[in-house]
Amino acid sequence: MANPDDPRIAVVDLFREHGAAIYRFALLLGRHRDDAEDVVQETFLKLLTHLEAAGDTANLRGWLFTVAANACRDRMRRRLRWLPWTPANEPSVEPAPLRDEDGRLRAARDALRQLAPRDRLLLTLRAQGLSYREIATAARIRGSSVGRLLARAVDRWERASVAVAPLPLVTGDRHEVSR
62 MANPDDPRIA VVDLFREHGA AIYRFALLLG RHRDDAEDVV QETFLKLLTH LEAAGDTANL
122 RGWLFTVAAN ACRDRMRRRL RWLPWTPANE PSVEPAPLRD EDGRLRAARD ALRQLAPRDR
182 LLLTLRAQGL SYREIATAAR IRGSSVGRLL ARAVDRWERA SVAVAPLPLV TGDRHEVSR
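Residue 94 in this note's numbering sits at position 33 of the sequence shown; the count goes up by one each step and never skips.
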């Protein structure tokens, strides 16, 4: 029988619980499937080291997203440092398709791609349910700035969503196109 205090078991359990969310998060930030997979692997290896060293376990979900955000930043920095940017070096990777009967999810994703990296980071961290304090830590910004920066990111995302494709506005029995 395995020891319930074994860090390896805890890492496996946390991977089952949060691995897919960390992968989606890394894919949105990094836009490369291979990098996203590597970020997930690095994140959970660091978690194992952290737990074996009896690190803080108060908020492991926030810790995981912070480590993943830092790993994504490191990969982007390395990519920029070693490869000159050309469209050929920055292929677009489409996330896995979702059910999208009216096109709103596609429009939201297209709008998200147009945002600055910090805005994408803030929105994806909030979408994962992280608190403002956890977002501040993961994004390396002051806690007092999170609300304001997040509100601005949401505003830019909404404006980009309308620019990408007007969303149908449902009013009563009629469908109108919002502008």
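Every residue, glycine too, gets a C-beta built ideally from N, C-alpha and C.
To which residues of the same chain is residue 207 closer than 7 Å at the C-beta, ignoring the five residues directly before and after it? 193, 196, 197
Option nearest residue 74 by Cα separation, candidates 174, 109, 215, 164: 109
Given a threshold of 16 other Cβ atoms within 10 Å of its Cβ, counted over all protein chains shown, does residue 106 qualify as buried or as exposed? Residue burial annotation: residue 106 is exposed, with fewer than 16 other C-beta atoms found within 10 angstroms of its C-beta.
Between residue 101 and the rest of its own chain, which residues show a CB-CB distance below 7 Å, the 5 nearest in sequence each way excluded? 80, 83, 84, 87
Using a 10 Å radius around the Cβ and a threshold of 16 neighbouring Cβ atoms, would you call residue 130 buried or exposed? Counting Cβ neighbours within 10 Å, residue 130 comes out buried, since at least 16 surround it.
If you drop the 5 nearest sequence neighbours on each side, which residues of the same chain put their C-beta closer than 7 Å to that of residue 185? 86, 89, 90
Rounded to whole angstroms, how far is the Cβ of residue 112 from the Cβ of residue 71, which I believe are closer than 8 Å? 6 Å
Along the chain, which unbroken stretches of the alpha helix (DSSP H) at least 4 residues long are found entirely within the stretch 65-109? Here the runs fully enclosed are 68-91.
Is the beta carbon of residue 222 less than 9 Å from the beta carbon of residue 172? yes
Per-residue burial, residue 204 [other beta carbons within 10 Å of its own, 16 or more giving buried]: exposed
Own chain partners of residue 182 with C-beta closer than 7 Å, once the 5 adjacent residues on each side are dropped: 90, 130, 200
Any idea what DSSP makes of residue 131, helix, strand or coil? helix
Find the nearest neighbour of residue 191 within the set 123, 134, 179, 170, judged by alpha-carbon distance. 123
Secondary structure at residue 192, three-state DSSP: helix, strand or coil? coil
Take the Cβ of residue 118 as the centre, count every other Cβ of all protein chains shown within 10 Å, and call the residue buried at 16 or more, exposed below. exposed
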